[in-house]
Each structure stands twice: as structure tokens, then as C-alpha cells.
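Colleague: Residue numbers (the numbering used here), protein chains in the order written: chain A, 389 to 504; chain B, 18 to 131.
Quick one: this structure, given as C-alpha cells, is what I'll be asking you about.
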């Protein structure tokens, strides 16, 4: 079983602050890294899917980077807004004999609260 | 486009009762999954179906069974519910291209076993 760890567990920031979270995952047999955003009373929604070492993805004010050799990914939010308040999940796929079967292993998430 | 539909949204069971959680997707996804979410534990994989006609155990399969009825539907059955199965259950689906596509999740089923 892969161990995916996220830090910090929770974060409180003021509107306009920039922030970042960390996801660490086993680097052996790496296949892909997913980031999801999970708002209260809703379902997780995919933000980014990343596979290549050194890759960077961006969606509006949110971006993510990936280091597959050392097993970590960062999620950045620039100029946080109250609507960014959510739990941010990362999840890792391992390559098992040439395929992963899509079995994501999730971290426990980082709970972000942005205060107006 | 409904995406992933889970039913029921809420359920209370007595210990020993059985029930089936239903999940259907209309996105022509090949793969489907059942996860449970418990406080402090994150999402844990119960069972998955990489493609129609196949199912396999995930991290926490004990006490559950699944059926991939067709490409659209993937049900989760609790044969004899136990209080330890109190949880929020999420169904998800995806294309078999996990390097490019993420999961689509259903809205969840909150199950309480008393």
C-alpha cells in the first residue's frame, strides 16, 4: 500500500494571501499524481493530473508542480479568495506490472480556509 | 449530463441488515470504483472494476461485495452490516487513461449502522 502524505493538515489564510501545500508519495513505480478539490457538501473534483517529472500545470490562480524522482508535488494558490476554501486532496497511482488499474491512493487532504 | 449518480444519499441500517448501494455513470467510462471516507482516514478503496466484466479488491474489501452489472453500473453490497461500516461511501468512474483523466465522483452515500 502506497503512503501518500499531505501537509499541512489545515491552513487558515487571509483573502489575498498566496499559499501552498505539499503532497509526498513513494517515487518507486510512479505512474501519475492527481489533485482534487473537495468543497463541503459536494464531491471531489479533479484539478490536475500529472505524470512527467518537472511538469507544471496551471488553472487560473492555482498551479501544481511535480517531482517524481524525490516523490513530491506542490499545489500553489495565488491571491486566495474565500471561494477557494475547500479540502485539497492529492492521490497517487503506482505502476503495477505495466498498468495501474487506476487505483488511486489518496492522502488525507489539506483543509484550506480563506478568511475575508 | 448526470455524471455519476449514487443512490441512496442517506441510509440507516441495523446491525446485521443488508443493503446495496447503487452507482451509475453516463460518461462511457471503463473503470469504476468504490471508496469509503472516514474521519482522519482519507478516502480508502474498497473495490474497483478496471473494465466491464472485471472486479477486484482494494484496500478495505472485508464485509463488502460488488457487481459490475454492465458498463454503466457498479453496485456495492453489504451482506451483514456492522457498526464499523458506518461511513460515507463514494462511487467514482474514469477513463482507462489515468495519466490524463481524473476520476468523476458521485455525491456520496452517508451510511449509519446502529
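For glycine and all other residues, C-beta sits at the position ideal for the given N, C-alpha and C.
Given that a residue counts as buried once 16 or more other Cβ atoms are within 10 Å of its Cβ, and exposed if not, what is residue 29 of chain B?
Modeller: Residue mapping note: residue 29 of chain B aligns to position 12 of the second chain, counting from 1. Burial check for residue 29 of chain B: the Cβ neighbour count within 10 Å stays below 16, so the residue is exposed.
Colleague: Taking the alpha-carbon of residue 489 of chain A as reference, which of B:31, B:66 and B:79 has the nearest alpha-carbon?
Modeller: Along the first chain, one-based indexing puts residue 489 of chain A at 101. The shortest C-alpha separation from residue 489 of chain A is found at B:66.
Colleague: Along chain B, which residues have their Cβ under 8 Å away from the Cβ of residue 489 of chain A?
Modeller: Against the first chain, residue 489 of chain A aligns to sequence position 101. Within chain B, the residues near residue 489 of chain A are 48, 65, 67 and 73.
Colleague: Quick one: list the residues of chain B neighbouring residue 420 of chain A, beta-carbon separation under 9 Å, in chain order.
Modeller: Taking the first residue of the first chain as 1, we reach residue 420 of chain A at position 32. Result: 115, 116 and 117.
Colleague: Please list, in chain order, the chain B residues whose beta carbon lies closer than 7 Å to that of residue 439 of chain A.
Modeller: On the first chain, residue 439 of chain A is found 51 positions in, with the first residue counted as 1. Correct list: 116.
Colleague: Mind pulling the chain A residues with CB within less than 7 Å of residue 125 of chain B?
Modeller: Here residue 125 of chain B refers to the residue found at position 108 when the second chain is read from its first residue. Those within 7 Å of residue 125 of chain B in chain A are 431.
Colleague: Using only the alpha-carbon positions, how far apart do residue 420 of chain A and residue 32 of chain B sit?
Modeller: Here residue 420 of chain A is taken as the residue at index 32 of the first chain, counted from 1. Here residue 32 of chain B is taken as the residue at index 15 of the second chain, counted from 1. Each residue's Cα considered, the two are about 39 Å apart.
Colleague: Between the C-alpha atoms of residue 111 of chain B and residue 454 of chain A, what's the straight-line distance to the nearest angstrom?
Modeller: Counting from one through the second chain, the residue named residue 111 of chain B turns up at place 94. Counting from one through the first chain, the residue named residue 454 of chain A turns up at place 66. Each residue's Cα considered, the two are about 22 Å apart.
Colleague: Under DSSP, the beta strand (DSSP E) around residue 423 of chain A begins and ends at which residues?
Modeller: Sequence index remark: in the first chain, residue 423 of chain A carries index 35 (1-based). Looking at the DSSP string, the run of the beta strand (DSSP E) that includes residue 423 of chain A is 418–426.
Colleague: Give me the Cα-Cα distance between residue 459 of chain A and residue 413 of chain A, rounded to the nearest whole angstrom.
Modeller: One-based indexing of the first chain puts residue 459 of chain A at position 71. One-based indexing of the first chain puts residue 413 of chain A at position 25. Within the model, the alpha-carbon separation for residue 459 of chain A versus residue 413 of chain A is close to 5 Å.
Colleague: Once DSSP output is grouped into helix, strand and coil, what is the label at residue 471 of chain A?
Modeller: Position 83 of the first chain, counting from 1, holds the residue named residue 471 of chain A. Residue 471 of chain A falls in the helix class under three-state DSSP.
Colleague: Ignore the nearest five residues each way along the sequence and tell me which others in residue 82 of chain B's own chain have a CB closer than 6 Å to its CB.
Modeller: Residue 82 of chain B sits at position 65 when you count from the first residue of the second chain. Answer for residue 82 of chain B: 94, listed in chain order.
Colleague: Determine the chain A residues that contact residue 111 of chain B at a beta-carbon separation under 8 Å, and present them in chain order.
Modeller: Residue 111 of chain B sits at position 94 when you count from the first residue of the second chain. The answer, in chain order, is 490.
Colleague: Excluding the five sequence neighbours on either side, which residues of its own chain have a C-beta within less than 8 Å of the C-beta of residue 120 of chain B, listed in chain order?
Modeller: For this step, residue 120 of chain B is matched to residue 103 along the second chain. Around residue 120 of chain B: 50, 109, 110 and 111.
Colleague: With a CB to CB cut of under 8 Å and the five nearest residues on each side skipped, what residues in its chain are close to residue 492 of chain A?
Modeller: Within the first chain, numbered from 1, the residue matching residue 492 of chain A stands at position 104. Cβ neighbours of residue 492 of chain A beyond the five flanking positions: 422, 479, 480 and 481.
Colleague: Find the nearest neighbour of residue 429 of chain A within the set B:118, B:26 and B:20, judged by alpha-carbon distance.
Modeller: Along the first chain, one-based indexing puts residue 429 of chain A at 41. For residue 429 of chain A, the closest C-alpha among the options B:118, B:26 and B:20 is that of B:26.
Colleague: Is it buried or exposed, residue 125 of chain B, if we count other Cβ atoms within 10 angstroms and call 16 or more buried?
Modeller: If you number the second chain from 1, residue 125 of chain B lands on position 108. With 16 or more Cβ atoms within 10 Å of its Cβ, residue 125 of chain B is classed as buried.
Colleague: Is any beta-carbon of chain B found at less than 8 Å from that of residue 424 of chain A?
Modeller: The residue you call residue 424 of chain A lines up with position 36 of the first chain. Yes, residue 424 of chain A lies at the interface with chain B (some Cβ there is under 8 Å from its Cβ).
Colleague: Answer with yes or no whether the minimum CB distance from residue 481 of chain A to chain B is below 8 Å.
Modeller: By 1-based counting over the first chain, the position of residue 481 of chain A is 93. Interface residue, yes.
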